[in-house]
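K.L.:
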Amino acid sequence: MRSPARIAFLSEHASPVALLGSTDAGGQNVYVDELSRNLASLGYAVDVFTRRESVDVPEIIEWAPGVRVINLSAGPPRVLPKDDLWPLMPAFRDALLDFMARDGVRYDLIHGNFWMSGWVAADLRQRLGVPAVQIFHAMGMTKRRHQGAADTSPDDRIEAERAVVQGVDRLIAQCPAEQTELIDDYGADPDKVVIVPSAVNVERFKPVPLAEARRYVGLNEQDLVIAYVGRMLPRKDVRNLVRAVGLLVQRVDLPIKLLLVGGETAEPDPAATPEIGVLQTIAAELGIADRLHFTGQRQPDTLRYYYSAGDVVVTTPWYEPYGLTPLEGMACGRPVIGSAVGGITFTIADGETGLLVPPRDPEALAERLRQLLVNPELRDRMGRAARRRVEQEFTWPTVAERTAALYETLLMQPQADALAAETL
Ligand code: UDP
Numbered sequence: 005m006r007s008p009a010r011i012a013f014l015s016e017h018a019s020p021v022a023l024l025g026s027t028d029a030g031g032q033n034v035y036v037d038e039l040s041r042n043l044a045s046l047g048y049a050v051d052v053f054t055r056r057e058s059v060d061v062p063e064i065i066e067w068a069p070g071v072r073v074i075n076l077s078a079g080p081p082r083v084l085p086k087d088d089l090w091p092l093m094p095a096f097r098d099a100l101l102d103f104m105a106r107d108g109v110r111y112d113l114i115h116g117n118f119w120m121s122g123w124v125a126a127d128l129r130q131r132l133g134v135p136a137v138q139i140f141h142a143m144g145m146t147k148r149r150h151q152g153a154a155d156t157s158p159d160d161r162i163e164a165e166r167a168v169v170q171g172v173d174r175l176i177a178q179c180p181a182e183q184t185e186l187i188d189d190y191g192a193d194p195d196k197v198v199i200v201p202s203a204v205n206v207e208r209f210k211p212v213p214l215a216e217a218r219r220y221v222g223l224n225e226q227d228l229v230i231a232y233v234g235r236m237l238p239r240k241d242v243r244n245l246v247r248a249v250g251l252l253v254q255r256v257d258l259p260i261k262l263l264l265v266g267g268e269t270a271e272p273d274p275a276a277t278p279e280i281g282v283l284q285t286i287a288a289e290l291g292i293a294d295r296l297h298f299t300g301q302r303q304p305d306t307l308r309y310y311y312s313a314g315d316v317v318v319t320t321p322w323y324e325p326y327g328l329t330p331l332e333g334m335a336c337g338r339p340v341i342g343s344a345v346g347g348i349t350f351t352i353a354d355g356e357t358g359l360l361v362p363p364r365d366p367e368a369l370a371e372r373l374r375q376l377l378v379n380p381e382l383r384d385r386m387g388r389a390a391r392r393r394v395e396q397e398f399t400w401p402t403v404a405e406r407t408a409a410l411y412e413t414l415l416m417q418p419q420a421d422a423l424a425a426e427t428l
């Protein structure tokens, strides 16, 4: 039997280490962290390559049993906006090849994350003659469609994405909406696209008794709490939620509070997180400033208290490639209202574990919130169904098994490229 396969995970801007405190850690960081650990539990050796963002970090971090994080020097060793990283990708690739030469390590398979590392993955596939798997996490065309002029991605992003779609062996889509984007927008060969949904850590995200959760977050047990957890960005459209609460409080006389978790700092600071300032202004205009309870950013290991403090969890982005936060709310046994976009239409079972609403529609959201807030039995039923659904369909060990099955189909194939490389 062959020895366990070595996997190179490329994730230029999203390191698992950032989950310990960085300000811009989102779903991709969670994916890389959880999947690498769970693949290691299955016997794979995983090296996660990310860009060095500080002179103070070591090159190699033993991150978990079977998982190393390798900080590659490419560009200045400080935090840069991810949209500035594209010109640094050849240096990132060269640093990876240099690391391989020094460490004496060879990889059996390359797994690219996001379009820029996808470019590196496709390039290394050619050079090293090993299979490459790619997950984009977000597609440039969708971003451009929704953000238009506000999209700060490099001009050649979409062209580079097309090349990656052609240049790797398999594409992971997290949900059917992403599969459609890959095939319809990018011309991907349908046989190359495999759906592997992302998941939630069900040990970490679990229901906390209401009284305990409310105490932890500093809200009263008698309040009716609507919780939002996530990055504070215009596209997450928390403004839509604030407006919906403005409508709702005119219609029902209930002790409604809006719990808002996220931001660039651990304190809710509108200077560091301009979106918080925008939300405060909207709330003041609507006369509901006293209903809002901002916490600032919180670490993943405490988030179960925040989700569980909600009677209902809400996320209504304009668009969402996948969206881990709805699953996290569901894992905490809460009904989730989400906008009917992207991955959210796949994770929330409408009418069963939560409700789908059109995006950019505070009126529709207010009505759905009202339905849930006046009906504790319905909330309870949906919350239980939500937890069950996550346990059955969306756990990281399951994702790792599906990903491993995909890897194995490629690892067992005679590699034409590998043979070609050897005869050079
Ligand atoms: N998150 C966090 N602390 C916060 C706000 C968000 O750890 O204060 C995490 C959240 O739990 C989730 C991730 O950031 O795991 C956001 O992922 P999602 O896929 O929902 O959206 P993205 O940020 O990738 O657009």
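Per this note's numbering, the very first residue in the sequence shown carries number 5; after that it's consecutive.
Backbone N, C-alpha and C define an ideal beta-carbon position, used for all residues, glycine too.
#1: Are at least three pairs of beta-carbons, each pair with one atom in the region 91 to 106 and one in the region 122 to 137, less than 8 Å apart?
#2: Hey, would you say R392 sits closer than 9 Å to C336, going by beta carbons?
#3: What does the Cβ neighbour count give for M416, buried or exposed, with the cut at 16 atoms within 10 Å?
#4: Using only the alpha-carbon positions, how far apart do L101 and G108 sit?
#5: Could you check what DSSP says for K210 in three-state terms: helix, strand or coil?
#6: Between G144 and the ligand UDP, is there a pair consisting of the residue's CB and a ligand heavy atom that are separated by less than 8 Å?
#7: Is the distance from the Cβ of R110 to the Cβ of G70 below 9 Å?
#8: Would you identify the three-state DSSP class for V59, choosing helix, strand or coil?
#9: Just to confirm my understanding: we take S312, look at its own chain, exclude 5 residues before and 5 after, and list those with CB closer than 6 Å. What are they?
#10: Do you know whose CA, among A181, M120, A408, G234, lies nearest D87's CA?
#11: Would you decide whether A420 is buried or exposed? Buried here means 16 or more other CB atoms lie within 10 Å of its CB.
#12: Just to confirm, does Q301 get its C-beta within under 8 Å of one of the non-hydrogen atoms of the ligand UDP?
#13: Identify, in the order they occur along the chain, each residue of the same chain with its Cβ nearer than 8 Å to the Cβ of L46, setting aside the five sequence neighbours on each side.
#14: Using the three-state DSSP reduction, which class does V256 fall into: helix, strand or coil?
#15: Using the Cβ count rule (16 or more neighbours within 10 Å means buried), how would you classify E271?
#16: Measuring straight from C-alpha to C-alpha, what distance separates K147 and Y35?
#17: Could you tell me which whole alpha helix (DSSP H) segments of length 4 or greater appear in the region 131 to 219?
#18: In three-state terms, what does DSSP make of Y232?
#19: Out of curiosity, what's the CA-to-CA distance linking A275 and V242?
#20: CA-CA distance, E426 and L128?
#21: With a cut-off of 8 Å on the beta carbons, I'd call R55 and L76 a contact; round off their distance for me.
P.N.:
Checking against the coordinates, here is how it stands:
#1: yes
#2: Sequence index remark: in the sequence shown, residue 392 carries index 388 (1-based). Sequence index remark: in the sequence shown, residue 336 carries index 332 (1-based). No; because the gap between Cβ atoms is not below 9 Å, this pair is not in contact.
#3: To locate residue 416, count along the sequence shown from 1; it is residue 412. In the assembly as shown, M416 is an exposed residue. Its beta-carbon has fewer than 16 other beta-carbons within 10 Å.
#4: Start at 1 with the first residue of the sequence shown, and residue 101 comes out as number 97. Start at 1 with the first residue of the sequence shown, and residue 108 comes out as number 104. L101 and G108: Cα-Cα distance of roughly 10 Å.
#5: Here residue 210 corresponds to residue number 206 of the sequence shown, with the count starting at 1. Reduced to three states, the DSSP call for K210 is coil.
#6: By 1-based counting over the sequence shown, the position of residue 144 is 140. When distances are taken from the beta-carbon of G144 to the heavy atoms of the ligand UDP, even the shortest one reaches 8 Å or more.
#7: On the sequence shown, residue 110 is found 106 positions in, with the first residue counted as 1. On the sequence shown, residue 70 is found 66 positions in, with the first residue counted as 1. No, they are not a contact pair.
#8: Start at 1 with the first residue of the sequence shown, and residue 59 comes out as number 55. Correct three-state label for V59: coil.
#9: Here the question's residue 312 lines up with position 308 in the sequence shown. Correct list, in chain order: P211, V212, A217, C336.
#10: Taking the sequence shown and counting its residues from 1, one reaches residue 87 at position 83. When each option's Cα is compared against that of D87, the closest is M120.
#11: Taking the first residue of the sequence shown as position 1, residue 420 is located at position 416. Residue confidence is low: A420 scores 49 on pLDDT, short of 50, so the model does not pin down where it sits. Its coordinate-derived value is still stated next. Burial call: exposed.
#12: Numbered from 1 along the sequence shown, position 297 holds the residue referred to as residue 301. Yes, the ligand UDP has a heavy atom inside 8 Å of this Cβ.
#13: What you label residue 46 is simply residue 42 of the sequence shown in a count that begins at 1. Excluding residues within five positions, the ones whose Cβ falls inside 8 Å are A404, E405, A408.
#14: To locate residue 256, count along the sequence shown from 1; it is residue 252. If DSSP states are grouped into helix, strand and coil, V256 belongs with coil.
#15: Position 267 of the sequence shown, counted from the first residue, corresponds to residue 271. Exposed is the call here.
#16: The residue labelled residue 147 in the question sits at position 143 within the sequence shown. The residue labelled residue 35 in the question sits at position 31 within the sequence shown. When rounded, the distance between both Cα atoms is 20 Å.
#17: 144 to 151, 161 to 171, 180 to 184
#18: Counted from its first residue, the sequence shown places residue 232 at position 228. In this structure, Y232 counts as strand in the three-state DSSP scheme.
#19: Numbered from its first residue, the sequence shown carries residue 275 at position 271. Numbered from its first residue, the sequence shown carries residue 242 at position 238. Cα to Cα, A275 sits roughly 17 Å from V242.
#20: To locate residue 426, count along the sequence shown from 1; it is residue 422. To locate residue 128, count along the sequence shown from 1; it is residue 124. Bear in mind that the predicted position of E426 carries a pLDDT of just 45, short of 50, making it unreliable; the figure below should be weighed with that in mind. Using only the alpha carbons, I get a separation of about 15 Å.
#21: Taking the first residue of the sequence shown as position 1, residue 55 is located at position 51. Taking the first residue of the sequence shown as position 1, residue 76 is located at position 72. Right, their Cβ atoms sit about 6 Å apart.
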